[in-house]
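For reference, the structure is listed below as C-alpha cells.
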Amino acid sequence: MKRIVIYRHPECKKCARMARLHHLFDWFNRVAVVTTTPRTGPLQMGEIIVEDLATGRFLAGAEGLNLICRQIPLYWLVLPLLWFPAVRARADRETCGCTNGSCQIGNFGRNPHLVTRSQ
Numbered sequence: 195m196k197r198i199v200i201y202r203h204p205e206c207k208k209c210a211r212m213a214r215l216h217h218l219f220d221w222f223n224r225v226a227v228v229t230t231t232p233r234t235g236p237l238q239m240g241e242i243i244v245e246d247l248a249t250g251r252f253l254a255g256a257e258g259l260n261l262i263c264r265q266i267p268l269y270w271l272v273l274p275l276l277w278f279p280a281v282r283a284r285a286d287r288e289t290c291g292c293t294n295g296s297c298q299i300g301n302f303g304r305n306p307h308l309v310t311r312s313q
C-alpha cells in the first residue's frame, strides 16, 4: 500500500535516476513516484514535492527527504544525518530545483582537467 507520492519534473534526468533508485529499494511498495503536476502547481526542473497520503500534506526539501527516508528501510541510515544543519541545507538545495545546469548528470563536481585512469 502506497504511503507517499513523490512528484518530480518529467524531463529531469537526475530526478528520473533517483526515482529508479527509490523504486529499486522500495521493498514494501510504500512509495509512488509520478511525473504528474501536483495540486501545489507545476514543478521546476529538479524540484521534487512529497505528498503524505495519510495526512494530505505536501513537503519539500529536507522535510520531504525525511519522509522518503522513513518509508524506505535502506534509507533509514540517512535519517540521523538530517539532524545536522549543513546536511539539511544541502538536501534543501538539491530538491528545490536546478539553477545554471546543476541538474545535469555527469561528473558530479569532478574537475574536468583532472586526469584519471579511464582517460
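With this note's numbering applied, the sequence shown corresponds to residues 195 to 313, in that order. Just so it is clear, CB atoms sit at the ideal spot from N, CA and C, and this is done for glycine as well. Given the structure is predicted, the values throughout are model-derived calculations rather than measurements.
Using CA coordinates, which residue listed in His-216, Gly-250, Cys-206, Tyr-201 is at the minimum distance from Arg-264? His-216
Determine whether the beta carbon atoms of Ile-242 and Ile-198 lie at a separation below 9 Å. no
Among Asp-220, Trp-221, Thr-229, Leu-218, which residue has its Cα nearest to the Cα of Lys-207? Considering only alpha carbons, the answer is Thr-229.
Whole-angstrom distance between His-203 and Leu-253, CA atom to CA atom: 15 Å
Using 8 Å for Cβ pairs, my map puts Phe-219 next to Leu-261. What's the rounded Cβ distance? That belief does not hold up - the Cβ atoms of Phe-219 and Leu-261 are roughly 15 Å apart, past 8 Å.
Taking just the CA atoms, how far does Gly-255 sit from Val-225? 17 Å
Beta-carbon separation (whole angstroms), Gly-258 vs Val-244, contact threshold 8 Å: 4 Å
With burial defined as no fewer than 16 other Cβ atoms inside 10 Å of the residue's Cβ, what is the status of Pro-236: buried or exposed? Result: exposed.
Over what stretch of residues does the alpha helix (DSSP H) that includes Arg-264 continue unbroken? Note, Arg-264: alpha helix (DSSP H), 255–265.
Where do the N-terminal and C-terminal ends of the alpha helix (DSSP H) with Asp-286 fall, by residue? Counted as a single uninterrupted DSSP element, the alpha helix (DSSP H) harbouring Asp-286 occupies residues 279–289.
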